[in-house]
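Position one of the sequence shown corresponds to residue 322 (the numbering used here), numbered consecutively onward. Just so it is clear, CB atoms sit at the ideal spot from N, CA and C, and this is done for glycine as well. As the structure is a computational prediction, the values presented were derived from the model and not from experiment.
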Amino acid sequence: MPKTAVSSAAFTVVLLSMLVTAPYTVNATVTCGQVVTLLTPCIPFGVFGGDVPPDCCAGIKGLHDIQNTAEDRRTACSCIQKGAAMIPGLDYDRVNTLGDRCGSPCPYTVYPSTNCSEVN
Ligand SMILES: *[C@@H]1O[C@H](CO)[C@@H](O)[C@H](O)[C@H]1NC(C)=O
């Protein structure tokens with residue numbers, strides 16, 4: 322293989338890895354993947370009640386820390402809403418108490434009827 326082909330392949334790899342890492346380092350915007358990872362430990366509480374698992378409160382606090390702008394909060398709201406819609410038997414009233422229970426009040430509530438575009 323000619324040398325130029327090897328170095329252009331290496332260059333492509335460098336470019337690709339810049340593309341992959343850039344969105345996370347340049348913009349600290351919230352993604353649905355982050356929200357789902359943080360809130361998954363809260364699902365048993367949301368469905369069955371009982372004690373709030375410590376991992377769930379850690380997730381609620383983590384979410385609180387990453388949603389710094391109205392845009393972040395709108396994104397997180399709609400991710401939560403979409404995720405919640407897939408969980409049969411989820412008690413929305415109970416879920417919406419989590420911010421207070423964990424000491425990180427959430428600036429919005431999420432119900433199936435919530436218009437996340439109006440979250441500020
Ligand atoms: C949600 O709110 C936005 C902004 O006020 C509005 O444009 C949109 O039509 C609303 N969507 C629904 C489904 O009500």
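Per DSSP, Gly354 is one residue of the alpha helix (DSSP H) stretching across Cys353 to Leu360.
Closer than 8 Å to some heavy atom of ligand 1: that does not describe the Cβ of Glu392.
Here the C-alpha atom of Val416 lies approximately 23 Å from the C-alpha atom of Thr350. With 16 or more neighbouring CB atoms inside 10 Å of its own CB, Thr396 falls in the buried class. Between ligand 1 and the CB of Ser399, the shortest heavy atom gap is not smaller than 8 Å. Around the C-beta of Ile408, fewer than 16 other C-beta atoms lie within 10 Å, and the residue is accordingly described as exposed. Our two residues, Pro362 and Cys437, have alpha carbons roughly 23 Å apart in a direct line. If the five residues before and after Tyr432 are omitted, its C-beta is found closer than 7 Å to the C-beta atoms of Tyr413, all from its own chain and listed in chain order.
Per DSSP, Glu439 is not a residue of any alpha helix (DSSP H), being assigned neither H nor E. Ligand 1 has no heavy atom closer than 8 Å to the beta-carbon of Ser425. Look at Asp421 here: in three-state DSSP terms it is helix.
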